[in-house]
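Everything on this sheet refers to the single structure shown next.
Numbering (our numbering), first residue to last: 1247 to 1750.
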């Protein structure tokens, strides 16, 4: 519910504060100091000053749990009362459980009897199982042995395939090298022939005085270089051919190894199939050698008896009701000696460590609100000032009331109670905390600002420096501490060290 508009001039905020001249006569001052004045007070608190509209919301727990017993019964223990703080897992109430304990004891006895019956049935079959198990063990050994042979043969096949792939690659690479070497020989031979012709021609010219010594030497160097390149190319061809021969030989060997490994695999597979067949026959013989119907019937009875124990234990556990959350007992609908119902809560637990309050923001303001935005939460009736954050924002207008915005407020000191009315105002994200007091606690004398702080039933006047003022609150930049108790009325009747009586 939107209440009023903030952002008033400081002068308007201090309406009701009294401007005194400070030139009272000594006799008048003495009279004022001697008079005991009844005052109202407020506590200076560290917080943030809001801006804009003020919205009103009701404080609600962040979590409320109805404690409804899973079974009806007479309450024999109820160690909590309204206002009791409880922890998750703490016992809240106990129901009469004599019959439940008897049921559990009977179910446990049935389990013991069923277990003995199973043991008897198993012992009667033991002799027949020994002989049949011997055959099973023998055939299983054959399976293991043949399986090992299969694994070994598989490894050999994989190894041979790898060798084939490697040899095939080597053959292809060697063929490429041989072909490359042949091309290189052809090129270097042509180069050598051209260099030889050039040298012959240059020598003839040199002898006839038509070529210089330098030209002759250049032709000789070119011919020698070409000869070396041609020789190297021929050597490379020889090496490449040798590598090709070696790779082809390795490929032949790898293929032989693969054939050998495949034969070994087939033999091992045949042995495995034979061993498996023998194991299957041994298992059938084991089944024939004994009748398990008696054991199975006894085991089914044992399972049913164990299930009955679990059911009886669950019922006994349900007679003890524990708290599912940390919280405070808010409602108590049961007493020791009364019958607890499964249709209505015996207790209600509220988690007030964090509280919520719901406000409705109009359409022209809702887009300015973001999840996580800080807000000032003030409960004027209890002089409580806290900072909260926007928890969630509904995109749907609630029947014209505005868009529901839920505010979450930390409440570790449990000062905020469910049902309190709180004034909510939004705060700049960049705002910093400061000491806040009601504007009506400020007294202006000769242009200076003062507050009266309560100390042992005496009003102590302190000069303060004012900061930002908004609505009915003002920041104190200096001169006051968090937690100081300031006087908010009858300031005109007070002097420094004036005796006072705080109105309750």
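Quick reminder that beta carbons are idealized off the backbone N, C-alpha and C, glycines included.
- Leaving aside the five residues that flank residue 1661 on each side, the residues in its chain whose CB is nearer than 6 Å to its CB run, in chain order, 1630.
- Rounded to whole angstroms, residue 1654 and residue 1345 show a C-alpha spacing of 47 Å.
- Assignment of residue 1376 by DSSP, reduced to helix, strand and coil, places it in the helix class.
- For residue 1587, no alpha helix (DSSP H) segment is defined, and its DSSP state is neither H nor E.
- If you look at residue 1668, you'll find it in the beta strand (DSSP E) that goes 1667-1672.
- According to the DSSP assignment, residue 1540 belongs to no beta strand (DSSP E) but to the alpha helix (DSSP H) extending over 1539-1564.
- One thing to note: residue 1567 has its Cβ no nearer than 9 Å to the Cβ of residue 1311.
- Here DSSP, grouped into helix, strand and coil, assigns residue 1735 to coil.
- Short of 6 Å from the beta carbon of residue 1303, and not among the five residues preceding or following it, lie these beta carbons of its own chain, in chain order: 1603, 1604, 1605, 1668 and 1670.
- Inside the stretch 1303-1356, DSSP marks whole beta strand (DSSP E) runs of 3 or more residues at positions 1319-1323 and 1337-1341, from first to last along the chain.
- For residue 1578, same chain residues with a beta-carbon under 7 Å away, outside a window of 5 residues either side, are 1327, 1328 and 1593 in chain order.
- Counting other Cβ atoms within 10 Å of its Cβ, residue 1465 reaches 16 or more and is therefore classed as buried.
- The Cβ atoms of residue 1364 and residue 1544 lie closer than 9 Å to each other.
- In the DSSP assignment, no residue is bridged to residue 1405.
- Here residue 1456 is exposed. Its C-beta has fewer than 16 other C-beta atoms within 10 Å.
- Beta-carbon to beta-carbon, residue 1441 and residue 1472 are separated by about 4 Å, close enough to satisfy the 8 Å threshold.
- When rounded, the separation of the alpha-carbon atoms in residue 1293 and residue 1701 is 23 Å.
- For the beta strand (DSSP E) assignment, the uninterrupted runs of no fewer than 3 residues enclosed by the stretch 1642-1666 are, from N- to C-terminal side, 1649-1656.
- Annotated three-state conformation of residue 1700 is strand, per DSSP.
- Counting every other CB atom within 10 Å of its CB across the protein chains shown gives residue 1320 a total below 16, marking it as exposed.
- The beta carbon of residue 1650 lies closer than 7 Å to those of 1604, 1606, 1640 and 1644 in the same chain, with the five residues before and after it left out.
- Close CB contacts of residue 1462 within its chain, under the 7 Å cut and outside five residues either way in sequence, are with 1448, 1449 and 1452 (chain order).
- DSSP, reduced to helix, strand and coil, places residue 1718 outside both helices and strands of the structure shown, so it counts as coil.
- Contact annotation: residue 1596 and residue 1576 have beta-carbon atoms nearer than 9 Å.
- Going by beta carbons, residue 1318 and residue 1585 fall inside the 9 Å limit.
- Below 8 Å, enough C-beta pairs join the stretch 1483-1495 and the stretch 1420-1427 to call them touching: three or more.
- By the C-beta density criterion, residue 1325 is exposed, having fewer than 16 other C-beta atoms within 10 angstroms.
- Around the C-beta of residue 1624, 16 or more other C-beta atoms lie within 10 Å, and the residue is accordingly described as buried.
- Membership of residue 1611 in the alpha helix (DSSP H) is indicated by the continuous run 1609-1612.
- Contact check for residue 1468 against residue 1446 fails: the beta carbons are separated by 9 Å or more.
- Note on residue 1313: 16 or more other CB atoms within 10 angstroms of its CB, so buried under the neighbour-count rule.
- Annotation: residue 1456 is outside any beta strand (DSSP E) and is labelled neither H nor E by DSSP.
- DSSP places residue 1282 in the coil class of the three-state scheme, outside both helix and strand.
- In the assembly as shown, residue 1730 is a buried residue. Its beta-carbon has 16 or more other beta-carbons within 10 Å.
- Leaving aside the five residues that flank residue 1542 on each side, none in its chain has a CB nearer than 6 Å to its CB.
- Shown here for residue 1388: same chain residues with a beta carbon closer than 7 Å to its own, the five before and five after excluded, namely 1521 and 1524 in chain order.
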